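Chemist:
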Amino acid sequence: MQSTQINIENSSNIEGLNEVENKPKKKLSYTKWGYIFIASFFVIYLIFTLVPQLLTIYDSFFDYDPFSGILVTDAHPEFCGFLNYQRLFQENALGVIEIYQTIGNTLIMWIIGAIPQMVIALILALIFTSTRLKLKGTGFFKTAFYMPNLIMASAFSALFLMLFSQIGPIYTLFKDMGWIPEHFDFVVNKTSARLMVAFLNFIMWFGNTTILLMAGIQSIDESIFESARIDGASTRRVLFDMTLPLLKPIVVYVLITSMIGGLQMFDVPQVLTNKAKNSGTRTIIMLLNDYLNMKNYGRAGAISVILFIITAVLSIFVFKTINKKEDR
Amino acid sequence: MKKKILCLAAVAAVGLAAGASLTSCSKKEIFHIYAWNTEFQGYFNKYVSDEKNNDDSNAVHHLNGVEVKWTITPSDNGAYQKALDEALANNESFSEDEKVDMFLAEADYILKYVNSDATLDVKTAYGVNDFSQAYKYTVDQVTDTSGVVKGASFQCCPAGLIYRRSIAKAVLGTDDPTEVQKHVATWEKYNETADLMAAAGNKMTASFADTYRVYSNNAASPWVKDNKLEVPAFVNTWMDQAKDQLDKGETTTYGVWDGEKSAEFKKTGKTFCTFGPAWYYNFCMGPAMGNGTASTAPDETKDNYSPDHTWGDWAVVKGPQAYFWGGTWLLGAKGGNNTDLVGKTMNAFLKDEEILKKLVVDDGQFSNNKKVNGAVATENETQKKGNGFLGGQNDTKIWVDMADSIVVKNNTIYDQLCNEGIQTAFGKFLKGELDSKEKVLPEFYADIARSYPTLVIPSSK
Chain A
1 MQSTQINIEN
11 SSNIEGLNEV
21 ENKPKKKLSY
31 TKWGYIFIAS
41 FFVIYLIFTL
51 VPQLLTIYDS
61 FFDYDPFSGI
71 LVTDAHPEFC
81 GFLNYQRLFQ
91 ENALGVIEIY
101 QTIGNTLIMW
111 IIGAIPQMVI
121 ALILALIFTS
131 TRLKLKGTGF
141 FKTAFYMPNL
151 IMASAFSALF
161 LMLFSQIGPI
171 YTLFKDMGWI
181 PEHFDFVVNK
191 TSARLMVAFL
201 NFIMWFGNTT
211 ILLMAGIQSI
221 DESIFESARI
231 DGASTRRVLF
241 DMTLPLLKPI
251 VVYVLITSMI
261 GGLQMFDVPQ
271 VLTNKAKNSG
281 TRTIIMLLND
291 YLNMKNYGRA
301 GAISVILFII
311 TAVLSIFVFK
321 TINKKEDR
Chain B
1001 MKKKILCLAA
1011 VAAVGLAAGA
1021 SLTSCSKKEI
1031 FHIYAWNTEF
1041 QGYFNKYVSD
1051 EKNNDDSNAV
1061 HHLNGVEVKW
1071 TITPSDNGAY
1081 QKALDEALAN
1091 NESFSEDEKV
1101 DMFLAEADYI
1111 LKYVNSDATL
1121 DVKTAYGVND
1131 FSQAYKYTVD
1141 QVTDTSGVVK
1151 GASFQCCPAG
1161 LIYRRSIAKA
1171 VLGTDDPTEV
1181 QKHVATWEKY
1191 NETADLMAAA
1201 GNKMTASFAD
1211 TYRVYSNNAA
1221 SPWVKDNKLE
1231 VPAFVNTWMD
1241 QAKDQLDKGE
1251 TTTYGVWDGE
1261 KSAEFKKTGK
1271 TFCTFGPAWY
1281 YNFCMGPAMG
1291 NGTASTAPDE
1301 TKDNYSPDHT
1311 WGDWAVVKGP
1321 QAYFWGGTWL
1331 LGAKGGNNTD
1341 LVGKTMNAFL
1351 KDEEILKKLV
1361 VDDGQFSNNK
1371 KVNGAVATEN
1381 ETQKKGNGFL
1391 GGQNDTKIWV
1401 DMADSIVVKN
1411 NTIYDQLCNE
1421 GIQTAFGKFL
1431 KGELDSKEKV
1441 LPEFYADIAR
1451 SYPTLVIPSS
1461 K
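Residue numbers (our numbering), protein chains in the order written: chain A, 1 to 328; chain B, 1001 to 1461.
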């Protein structure tokens, strides 16, 4: 510090600039660069995320006409208060409240896909990181498990659509074996369609979860395991009393991201079952998309707001539960 | 270091060049057409474009030297209408190469565009005035409420029953159209024939919805009246017949456009008939066509040849009820620049006799020009020739006899989603997903209510 001061004094003396001496001491600060570098994120977030989000909320209070822009050119959407929200909770001709039905569908398909995904990913992660087994060629397996994630969800679904279509190989096999009733259609039947969606999501995401969990396990200090082994702890004990509790933050992280992703489930069921108009696999985003397709931005906006609230509540809830346990 | 700078400079130069070519691109004139499939694109390329062919050799086609750009959006679930609505609403503010000049529309939703300000009077805007040879219904369909004509059709679509000759011969003992017509002249006769087909191990149709259009385009009432959804009476008749035929094994649960259905038109298929107009041969019966056309037999030497084709094994008759199906109209978009090209295209398909004759003879289509159709029908009659796909039958004559009586009635702007929706809902029942027929209509109502929230939907409970 001192040497800098001296340098400044020296330089000012040399150049003979007296004003410099009156100036306050110069302090070096790099904070502004930090702000500048992170500003790009905030600017982009503001323009492309926050503003559209606020507009969505605004739109949800207006009544849009399906023929606006073409037949109805001069009419502006009318302000309608909470009418869009109210109508979302009305029964349709089948006596079903579609928003509950779609949220239910989303959750069911997420759960039947996510539970096996977590369990299998955990088993695989444990096997691959086990210092006892010392598996060879884990790199190959990791790549192979991750592969399905690289294929576009829509392409994957289209492939399944063909495999299970009424002239597809799987349909023909099932029919010849007498496993399915006459006129059965995999994408029209509620149960089979849900299972297909869940299975596709499982195949696509279990590799990703495995890699995340492996990273989590590997980040645990190896010496803890060693000392446990020296103390004579069984593999089972090490697993349940050490690995799993220490892995909890990663598991929770995986769970939250999977749940938020699950709530926004769209591409797989859309490609697979939208043409069949299967009401058992219509997810909340598909309902939103149906409204968007008919330019009903009000109703779609209302769904977005509800979905936002659900996601926020769930995330807060999950965060709270981890933090509480970690404090103990 | 020097190398790095050189590299950077090179990259920057490439970037600049790319930027420059982009800006010059956007100034280029482009004839932009919106469509929901490539059917018309094929005829346009072949007959109107500067290149005059539809080969893959041309990446882009031109008209009067102007590049032609096609934006194709499939029409399922109203997706084409949505894309078109967005484009037309903003057409005037689009950049030159984005502006829509012309778009295609079909009867199910055309009224929406005809009665909107987004389309122009073809007479004043494009110089299309001669409708003297066009069929009346094709003009009525694009005439707005104040009497202004907003478009032109390139085809006329009377439709009939298309049957497989070999199956007719085996089961009915004849493949002669006049004789076969007697077996399907009324719905009672049609049902009896269906029973005969099933008894012989065949199916009557390959889709439960094949008969749908025969009923729907003869509907006695519209889908929507005074903003109220009212299911026309034909729906019940159609559903009862289709369910009965499915139970007897005379038809399938495949949809009208499904690949499963068109696979039935192959040599191995056991389906006796289907319903459709002239565009149906090329567009829906691909596996039957092989790589042949109306005037040329399938060619074994070409790559796309398949020995499964049934070219020549078909014929067409009027069937139980005369009807028409589909049709593609060309409409000009407000805000588009290339009015001369729009006019040229429309006029070519309305009155260029040379082009239209090829369209009828080579492609087996039925043009929107009475004179050309009549001439081909007579010429075929005197020279004893006809459509090769139909075993040399003079189908043009059948269409000529039916075309004049086509009347458009009971059209609404809601038709596309209603027609699609009722077929999907009923299909769900046939596939066992809805446990009773009574649930078909509520299922359909729920679907329509999502799409058109302002419509009054009948209470079903």
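Beta carbons: idealized from backbone N, C-alpha and C, even for Gly.
Computed from a predicted structure; not experimentally measured.
Assuming N278 (chain A) and A1079 (chain B) form a contact by the criterion Cβ under 8 Å, report the distance between their Cβ atoms to the nearest whole angstrom.
Modeler: Contact doesn't hold; Cβ gap of about 18 Å is too wide.
Chemist: Restricting to runs no shorter than 3 residues, where is the beta strand (DSSP E) found entirely within the stretch 1110-1143 of chain B?
Modeler: none
Chemist: Can you tell me where the alpha helix (DSSP H) with S1166 (chain B) in it begins and where it stops?
Modeler: R1165 to L1172
Chemist: Since P116 (chain A) contacts F202 (chain A) with CB under 8 Å, what's their CB separation in whole angstroms?
Modeler: Confirmed, about 6 Å.
Chemist: Evaluate the contact criterion for the stretch 1357-1377 of chain B versus the stretch 1117-1135 of chain B: three or more CB pairs, one atom per stretch, below 8 Å.
Modeler: Look at the beta carbons and you see the stretch 1357-1377 of chain B touching the stretch 1117-1135 of chain B: at least three pairs across the two are nearer than 8 Å.
Chemist: Taking the straight line between their C-alpha atoms, what separation do you get for A1449 (chain B) and G298 (chain A)?
Modeler: 15 Å
Chemist: What residues match up with H1062 (chain B) in a beta bridge as DSSP calls it?
Modeler: Looking at the DSSP assignment, H1062 (chain B) forms a beta bridge with B:E1067.
Chemist: From the DSSP output, read off the bridge partner residues of D63 (chain A).
Modeler: Bridge partners of D63 (chain A): A:E78.
Chemist: What are the residues of the stretch 1266-1279 of chain B that lie near chain A, defined by any Cβ-Cβ distance shorter than 7 Å?
Modeler: none
Chemist: List the residues of chain B whose Cβ lies closer than 8 Å to the Cβ of P181 (chain A), in chain order.
Modeler: G1432
Chemist: Please report the residue range of the alpha helix (DSSP H) in which M162 (chain A) lies.
Modeler: A153 to L163
Chemist: Tell me where the beta strand (DSSP E) around Y30 (chain A) begins and ends.
Modeler: Segment: none, Y30 (chain A) is in no beta strand (DSSP E) and carries neither H nor E.
Chemist: How many Å lie between D264 (chain A) and W1070 (chain B) at the Cα?
Modeler: Contrary to the premise, residue 264 (chain A) reads as Gln rather than Asp in this sequence. Between Q264 (chain A) and W1070 (chain B), the C-alpha separation is close to 33 Å.
Chemist: So I167 (chain A) contacts chain B; which residues on that side make the cut at Cβ distance below 8 Å?
Modeler: G1259, E1260 and A1263
Chemist: For chain C, check one thing: does any of its Cβ atoms lie closer than 7 Å to the Cβ of R1450 (chain B)?
Modeler: Note that chain C does not occur in the displayed structure, where the protein chains are A and B.
Chemist: Please classify L1022 (chain B): is it buried, with 16 or more other beta-carbons within 10 angstroms of its beta-carbon, or exposed?
Modeler: Only weak support is given to the placement of L1022 (chain B): the predicted model assigns it a pLDDT of 42, under 50, and the question is left unresolved by the model.
Chemist: If you reduce the DSSP assignment to three classes, tell me which class E1098 (chain B) lands in.
Modeler: coil
Chemist: Output needed for V1231 (chain B): all residues of its chain with C-beta closer than 7 Å, excluding positions within five of it in sequence on either side, in chain order.
Modeler: L1441
Chemist: Starting from V271 (chain A), find everything on chain B with Cβ-Cβ shorter than 9 Å and list it in chain order.
Modeler: Simply none; closest approach about 12 Å.
Chemist: Nearest chain A C-beta to A1513 (chain B) closer than 7 Å, yes or no?
Modeler: A query on residue 1513 (chain B) cannot be resolved here, the shown segment of chain B reaching from 1001 to 1461 and no further.
Chemist: Assuming contact is defined by CB atoms lying nearer than 7 Å, are L1331 (chain B) and T1119 (chain B) in contact in what I supplied?
Modeler: Going by C-beta atoms, L1331 (chain B) is nearer than 7 Å to T1119 (chain B).
Chemist: What is the rounded straight-line gap between the Cα of T257 (chain A) and the Cα of S154 (chain A)?
Modeler: 20 Å
Chemist: In angstroms with no decimal places, state the Cα-to-Cα distance between I316 (chain A) and I310 (chain A).
Modeler: 10 Å
Chemist: Specify whether the stretch 1314-1332 of chain B and the stretch 1270-1285 of chain B touch according to this definition: at least 3 beta carbon pairs, one from each stretch, less than 8 Å apart.
Modeler: yes
Chemist: Apply the 10 Å Cβ neighbour rule to H1309 (chain B) and answer buried if 16 or more other Cβ atoms are within range, or exposed otherwise.
Modeler: buried
Chemist: Taking a cut of 9 Å between CB atoms, which residues from the stretch 1076-1095 of chain B lie near chain A?
Modeler: D1076, N1077, G1078, A1079, Q1081, K1082, L1084, D1085, E1086, L1088, A1089 and N1090
Chemist: Counting only beta-carbon separations shorter than 7 Å, does D267 (chain A) have a partner in chain B?
Modeler: no
Chemist: Do the CB positions of S304 (chain A) and T56 (chain A) come within less than 7 Å of each other?
Modeler: Cβ atoms of S304 (chain A) and T56 (chain A): closer than 7 Å.
Chemist: When we look at the beta-carbon of S1026 (chain B) and count the other beta-carbons within 10 Å, is it buried (16 or more) or exposed?
Modeler: Reliability fails at S1026 (chain B), whose pLDDT of 43 lies under 50, so the model's placement of it is uncertain and no value is given.
Chemist: Could you tell me whether the Cβ atoms of L88 (chain A) and A300 (chain A) are closer together than 7 Å?
Modeler: no
Chemist: Would a check of beta-carbon distances place K1112 (chain B) closer than 7 Å to chain A?
Modeler: yes
Chemist: Roughly how many whole angstroms lie between the Cα atoms of V188 (chain A) and V119 (chain A)?
Modeler: 29 Å
Chemist: Given a cut-off of 7 Å, decide if A193 (chain A) and T102 (chain A) are closer than it, judged by their beta-carbon atoms.
Modeler: no
Chemist: List the endpoints of the continuous beta strand (DSSP E) containing T1274 (chain B).
Modeler: C1273 to P1277
Chemist: Does the Cβ-Cβ distance between P1320 (chain B) and W1187 (chain B) come in under 7 Å?
Modeler: yes
Chemist: Using a C-beta to C-beta distance shorter than 7 Å, which residues of chain A count as neighbours of I1457 (chain B)?
Modeler: A93
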